[in-house]
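Trainee: Counting in my numbering, the sequence shown runs from 86 upward without gaps. Think of the CB as a built atom: it goes at the ideal place given N, C-alpha and C, for glycine as much as any other residue.
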Amino acid sequence: MRITSLPLAAAATALAMSYPCLCSAPAEAHGFAGDRFFPATIATDDPFVADEMSLPTVTRNPTGPDGSQEIDIGADIAKRLTPDIGFQLGRQWQRLQPLGGRAVTGFGALDAELDYQFYTNGPHELTAMVGLASTFAHTGRVAALGAPDFTTLSPLVDFGKGFGDLPETMNWARPIAVTGNLSMDFPTKTESAGTPNPNNFNYGFAFEYSLEYLQHHVKDVGLTAPFDRMIPLVEVSFSTALNRGYGGQTVGTVQPGLIWAGQYMQVGAEAILPVTHNSGHGLGGVVQLHFYLDDIFPQTLGRPLFTY
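(1) Just to confirm before moving on: does the CB-CB distance between glutamine 173 and aspartate 161 stay below 8 Å?
(2) Check this for me: beta carbons of valine 263 and leucine 241, under 8 Å apart or not?
(3) Does DSSP put threonine 148 in a helix, in a strand, or in coil?
(4) Could you tell me the alpha carbon to alpha carbon distance between glutamate 113 and isoleucine 158, rounded to whole angstroms?
(5) Can you check whether the CB of aspartate 130 is closer than 8 Å to the CB of leucine 184?
(6) Taking leucine 166 as the reference, give the member of Ala135, Pro260 and Glu297 with the closest Cα.
(7) Is the CB-CB distance between aspartate 305 and histidine 115 below 8 Å?
(8) Just mark glycine 249 as buried or exposed, buried being the case when its beta carbon has 16 or more other beta carbons within 10 Å.
(9) Return the first residue and the last residue of the beta strand (DSSP E) that alanine 232 is part of.
(10) Helix, strand or coil for alanine 258? Go by DSSP, reduced to three states.
(11) Considering only residues of the same chain and omitting the five flanking positions on each side of proline 341, which have a CB-CB separation below 7 Å?
(12) With 16 as the cutoff for other CB atoms within 10 Å, does glutamate 155 come out buried or exposed?
(13) For methionine 138, count the other beta carbons within 10 Å of its own beta carbon; 16 or more makes it buried, fewer makes it exposed. Which is it?
(14) Around the C-beta of proline 252, are 16 or more other C-beta atoms found within 10 angstroms, so that it is buried, or is it exposed?
(15) For histidine 223 and glycine 175, what's the separation of their Cα atoms in angstroms?
(16) Quick one: what does DSSP say leucine 374 is sitting in, helix, strand or coil?
(17) Leaving out the 5 sequence neighbours to the left and right, which residues in its chain are closer than 8 Å to serine 109 when beta-carbon positions are compared?
(18) What are the complete alpha helix (DSSP H) segments, minimum 4 residues, inside the segment 338-382?
(19) How long is the line joining the alpha carbons of phenylalanine 376 and threonine 142, rounded to whole angstroms?
(20) In chain order, which beta strand (DSSP E) runs of at least 3 residues are fully inside the segment 277-330?
(21) Helix, strand or coil: how does DSSP classify glutamate 210 here?
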């Protein structure tokens with residue numbers, strides 16, 4: 086689940102409190118294509134409409150190219166309108182420490198997204214979704230934190246593919262899954278305070294190796310809790326400006342990490358490695374606590390508002 090911009094936020098602390106009742110329960114009703122469970126990823130979006138919530142997502146960003154330090158605390162919620170149409174809302178509280186200056190705090194812009202999951206193929210563990218994301222003008226601190234004074238509309242395509250349909254001679258590869266996001270930014274203003282607002286092409290991927298899939302759907306290799314609920318992964322997320330004097334400039338991160346998924350929640354943690362000068366320098370990190378509302382409240386908050 087991801088509707089915030091680069092650099093991406095993260096969160097969590099409650100695994101130790103929840104572990105005794107969650108570690109032995111299989112994840113249900115969220116993010117499945119056949120036997121494949123796709124977790125809610127942090128830097129990129131999982132290709133499903135769902136009833137879910139990330140609270141909190143805590144990010145310590147890499148040092149900015151101007152030497153600034155930033156910490157974000159975010160919250161996101163997703164809700165199904167129908168079994169295959171859903172929306173998301175998200176926002177972050179930010180603390181920005183400019184180099185040699187005083188720290189400023191406040192909220193960033195409000196993000197929203199409307200999605201349509203138009204394809205799922207269980208036997209081939211394949212799913213796809215289209216949508217429209219938006220970042221709204223004047224919903225965050227414009228002068229202090231750089232929140233936009235313009236709205237940006239971003240048509241998007243998300244997909245996921247698990248490789249459990251490979252032959253048994255390739256059992257080592259069957260736990261692998263890949264998800265991806267492609268989108269284009271269209272700002273409603275071409276310029277703000279003399280600074281151009283370019284169109285950006287955004288692209289991100291998550292490469293996952295599911296120990297849960299290995300243990301329960303490929304071969305019993307003797308993994309026990311909590312290891313049989315873990316999914317090591319690497320996420321990559323990039324944004325490339327296309328015009329208005331910024332053409333070809335790219336920001337992006339590589340984020341190796343680990344997700345533990347129970348029946349009602351998951352916990353994720355990733356390092357944040359900037360890959361271009363404009364992305365900053367040094368090491369950052371993100372942690373996230375994520376709840377499956379469709380499993381926690383299956384008869385109320387976890388149901389689509391409308392059914393066919």
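Mentor: On the basis of the supplied data:
(1) Cβ atoms of glutamine 173 and aspartate 161: closer than 8 Å.
(2) Not a contact, by the Cβ cut-off of 8 Å.
(3) It is a strand residue.
(4) Note that glutamate 113 scores a pLDDT of 39, beneath 50, so its modelled location is shaky; the value from the coordinates is reported in the next line. Their Cα atoms are separated by approximately 28 Å.
(5) It is not a contact, given that the beta carbons lie outside the stated cut-off.
(6) When each option's Cα is compared against that of leucine 166, the closest is Ala135.
(7) Going by C-beta atoms, aspartate 305 is not nearer than 8 Å to histidine 115.
(8) Around the C-beta of glycine 249, 16 or more other C-beta atoms lie within 10 Å, and the residue is accordingly described as buried.
(9) Per DSSP, alanine 232 belongs to no beta strand (DSSP E) and is neither H nor E.
(10) Helix, per DSSP.
(11) Within the same chain, proline 341 has close Cβ partners Val319, Glu355 and Ala356.
(12) By the neighbour-count criterion, in which 16 or more other beta carbons inside 10 Å mark a residue as buried, glutamate 155 falls on the buried side.
(13) Classification of methionine 138: buried, given that the 10 Å Cβ count is 16 or more.
(14) When all chains shown are included, proline 252 counts as exposed.
(15) Roughly 15 Å between the two C-alpha positions.
(16) Note: leucine 374 maps to strand in three-state DSSP.
(17) Because serine 109 sits at a pLDDT of 36, beneath the cut-off of 50, its placement in the model cannot be relied upon, and the following sentence gives the value as read from the coordinates. Only Ala310 meet the Cβ criterion.
(18) Counting only runs of 4 or more, we get 378-381.
(19) About 12 Å.
(20) For the segment 277-330, whole beta strand (DSSP E) runs of length 3 or above, ordered along the chain, are 285-294 and 315-326.
(21) In the three-state scheme derived from DSSP, where H, G and I count as helix and E and B as strand, glutamate 210 is classed as coil.
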